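Mapping the sequence shown onto our numbering, position 63 (from 1) lands on 48, and the numbers just tick up by one.
We treat Cβ as the ideally placed atom computed from N, Cα and C, and that holds for glycine.
Owing to the predicted nature of the structure, the values given are computational and were not obtained by experimental measurement.
The structure appears right after this line, and notes come after that.
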Amino acid sequence: NISALVTGGASGLGLATTRKLLQEGCKVVVCDTNRTSEIDELGNNAVFSETDITSEESVKDAIDLAKSKFSLINCVVNCVGVGISRKVISNSSSKPHDLKEFERVLKVWNSAPVKRDLQINTVGTFNVIRLTALSMAQNEPDEDGGRGVIINTASVSAFEGQVGQVAYAASKAAIVGMTLPVARDLSRHGIRCVTIAPGIFDTEAAIAKIPKGALYHLVKSVPFPNRPGRPEEFADLACCIIENKMLNGTTIRLDGALRLPP
């Protein structure tokens, strides 16, 4: 009886995960900043929550919605992520990486450039973790004493950040770094924490940011299968993590053996 909260659930990896969970008979609160047409096609076991994951009040509202509709939350999949490409020293060697741009990222939303905090990746993820964990800790334990599972999304850039990815790689490495301590911390409550580090995936948000030439070479560097990952493959792994209770406190690379070049 899974009742899940999926952040970034209206598109990309989050939408694929939402659909997979629904196919498996789960109930899902889809958390995102804007409601897409796909949300209306998900059926009665899905409910949309306009959510800013960096806001305590907004995340609490999503949790309250989940509990009012489905009585509890015992699964969270954090899929929200944003990034920029900036070098530490500009190509002209005239200025360093802007500190404010390290803290903030540029994201295209409805074809208009909107600045969003880099905190979305790190602080936003932890904000969801801490608030949903508090809710899960109140659940009735299963036969193993389990009360829930939290799945985060990092990136292979956390391990092999490329030129221009200082801010993005740092934010994703922070998610990898918090995985084990969170799992250890929440073990007394029977709550697991696992992170997925995807490689190149065929999502509109990811592919649109990569120039075609660079994308071609990146895909060519994936040993096998020699193609971008499919969002459904991310969703499949998320479901495996939910089902396998021994998966805890670890980061799983989902990248076709890709190791990013500089």
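| Item | Value |
| --- | --- |
| Unbroken alpha helix (DSSP H) run spanning S120, endpoints | 108 to 121 |
| Own chain, CB closer than 6 Å to A122, minus 5 neighbours either side, in chain order | H174 |
| Residue closest to N254, alpha-carbon to alpha-carbon, out of D240, L27, T36, D49 | Within the shown structure, residues of the chain are numbered from -14 to 247, placing residue 254 beyond reach of any answer. |
| Cβ-based neighbour list, S140, same chain, cut-off 7 Å, excluding 5 preceding and 5 following | K157, A182, P183 |
| Cβ distance (whole Å) where L116 is taken to contact E41 below 8 Å | 7 Å |
| Three or more C-beta pairs below 8 Å linking the stretch 22 to 32 and the stretch 2 to 13 | yes |
| Contact set for N112: own chain, Cβ-Cβ below 7 Å, skip 5 residues either direction | I38, T39, E41, V44 |
| Delimiting residues of the alpha helix (DSSP H) encompassing G133 | Per DSSP, G133 belongs to no alpha helix (DSSP H); it is in the beta strand (DSSP E), 133 to 138. |
| Unbroken alpha helix (DSSP H) run spanning D221, endpoints | 216 to 228 |
| Residue span of the alpha helix (DSSP H) that contains P249, given as start and end | Lying outside -14 to 247, the shown extent of the chain, residue 249 is not represented and no answer is given. |
| Per-residue burial, N(-14) [other beta carbons within 10 Å of its own, 16 or more giving buried] | exposed |
| S(-12) - partner residues in DSSP beta bridges | K12 |
| When V62, A199, K80, G(-1) are compared against T180, the one with the closest alpha-carbon | V62 |
| Cβ-based burial, K100 [other Cβ within 10 Å; buried from 16] | Low per-residue confidence applies at K100: pLDDT is 38, beneath 50, and the placement is therefore not dependable enough to give any value. |
| CA-to-CA distance, G(-1) to L200, given in whole angstroms | 22 Å |
| Where I105 falls: helix, strand or coil (DSSP) | helix |
| Straight-line gap, P196 to A152 (C-alpha atoms, nearest Å) | 19 Å |
| Cα-Cα separation, L232 to G133 | 12 Å |
| Three-way DSSP call (helix, strand, coil) for E35 in this model | strand |
| Three-state secondary structure (DSSP) of T188 | coil |
| A168 to N124 span [Cα, whole Å] | 17 Å |
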